[in-house]
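For the sequence shown, full-length UniProt numbering assigns the number 1 to the initial residue and increments by one for each residue that follows. Structure, as structure tokens:
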Amino acid sequence: MPTLPPPFFPDPIHAMTEPNGLLAMGGDLEPDRLLLAYRGGIFPWYSEGEPILWWSPDPRAVLFPEEIHLSRRLMRTLRQGHFQVTHNRCFADVVRGCAAPRPESGGTWITGEMRRAYLRLHELGFAHSIECWREGELAGGLYGVALGEVFFAESMFTRVRDASKVALKALCRRGYRLIDCQFLTGHLARLGAVEIPRDRFLTLVRKHTG
């Protein structure tokens with residue numbers, strides 16, 4: 001597995017099949033390297049104490065915004081107006097919410113190093129958040145990196161039922177052609193995410209990031 005010199009990534013075709021998508025290790029989380037990674041269909045994902053690991057899985061989970069699935073109950077919730085949605089109002093708070101350990105996982109992959117890196121991308125205008133509020137309190141949200149018409153979603157969280165789904169619906173209304181979801185989960189599949197071959201994903205990224 002390659003160890004990275006200053007900004008460079010091997011072709012994703014060389015990514016491992018087990019674990020699926022592991023491509024390289026090392027390097028840093030400076031803006032130039034992160035943006036190069038996203039434009040190449042690559043993202044960082046590692047745990048505290050590990051070297052930075054870079055991934056490009058095959059297949060790739062994506063959500064086409066026009067294909068989002070919303071349950072009748074959630075549609076009712078949206079119509080009732082219980083939530084208020086904002087964009088980039090409190091990016092750091094959303095990242096902290098996503099980084100909070102979850103009972104089902106027992107930890108978090110969003111390390112302090114990762115939080116600082118995405119805050120820097122936010123300051124540069126590349127990383128964005130969607131916030132969902134209930135009665136003036138942050139109820140949930142999501143964040144990721146936007147390049148052209150592609151949104152590379154990093155994480156979402158919820159403190160009130162349905163808040164993260166409301167945030168995702170709001171993201172789908174922002175004009176993106178493609179939302180990268182990285183790996184497919186049952187939760188994402190129920191919301192309409194699908195898996196596509198990595199080569200098709202990379203073609204779409206090249207086409208829509210400009």
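C-beta: ideal position from N, C-alpha, C; glycine also.
For residue 136, the closest C-alpha among the options 102, 84, 24 is that of 84. Taking residue 132 as reference, the option from 142, 201, 173 with the minimal CA-CA separation is 142. Contact annotation, residue 53 with residue 78: C-beta distance approximately 37 Å; criterion of less than 8 Å not satisfied. Look at residue 163 here: in three-state DSSP terms it is helix. Between the stretch 33-53 and the stretch 90-103, the count of C-beta pairs closer than 8 Å stays below three; the two stretches do not touch.
Positions of the beta strand (DSSP E) runs, each at least 3 residues long and wholly inside the stretch 107-166, are given as 127-134, 137-147, 150-158 in order along the chain. 30 is the residue among 30, 7, 20 whose C-alpha sits nearest the C-alpha of residue 123. Of the residues assessed, residue 114 falls on the buried side of the cut-off, its CB having 16 or more other CB atoms within 10 angstroms. Beta-bridge annotation (DSSP): residue 44 is paired with 54.
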